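Take the sequence shown: its letter number 8 is residue 92 in my numbering, and every next letter is one higher.
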Amino acid sequence: MTASTFEQVRNVASDIFGIPANQVTAESSPETIDNWDSMQHLNLVLAIEEKFGVQLDPEDIEEMKNIGAVAALVEKLQSAAH
């Protein structure tokens, strides 16, 4: 994953979960972020779709286990679209 995609995903997650971006790492997950519940996961999905212009399938949403996985997924979808 590129640093810029990760930075953008990290900033989206920071906004959604209400925590400073510097506390969001590639390993950040529902286990490490208190506010990451099912509702916030949906908000994250919607924000990622809007920010990056991608459409996430249910299988993609299941893969979103941590922030690193989200960034990798965004890159995969963006490269498939081009």
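Here a beta-carbon is modelled for each residue, glycine too, at the ideal position from N, C-alpha and C.
Computed from a prediction, not measured in an experiment: that's the story for all the values here.
What's the gap between the Cα of residue i and the Cα of residue j?
{"i": "residue 144", "j": "residue 162", "result": "13 Å"}
{"i": "residue 66", "j": "residue 112", "result": "In the structure as shown, the chain starts at 85 and stops at 166, and residue 66 therefore has no counterpart that could be examined."}
{"i": "residue 124", "j": "residue 153", "result": "16 Å"}
{"i": "residue 94", "j": "residue 165", "result": "22 Å"}
{"i": "residue 86", "j": "residue 146", "result": "22 Å"}
With burial defined as no fewer than 16 other Cβ atoms inside 10 Å of the residue's Cβ, what is the status of residue i: buried or exposed?
{"i": "residue 126", "result": "exposed"}
{"i": "residue 119", "result": "exposed"}
{"i": "residue 105", "result": "exposed"}
Under 8 Å, with one C-beta from each stretch per pair, do the region 85-92 and the region 114-130 reach the 3-pair mark?
Contact between the region 85-92 and the region 114-130 is absent, because fewer than three Cβ pairs lie under 8 Å.
Ignoring anything shorter than 4 residues, give me the alpha helix (DSSP H) runs that lie fully in the region 119-152, in order along the chain.
List check, alpha helix (DSSP H) in window: 122-136, 142-147.
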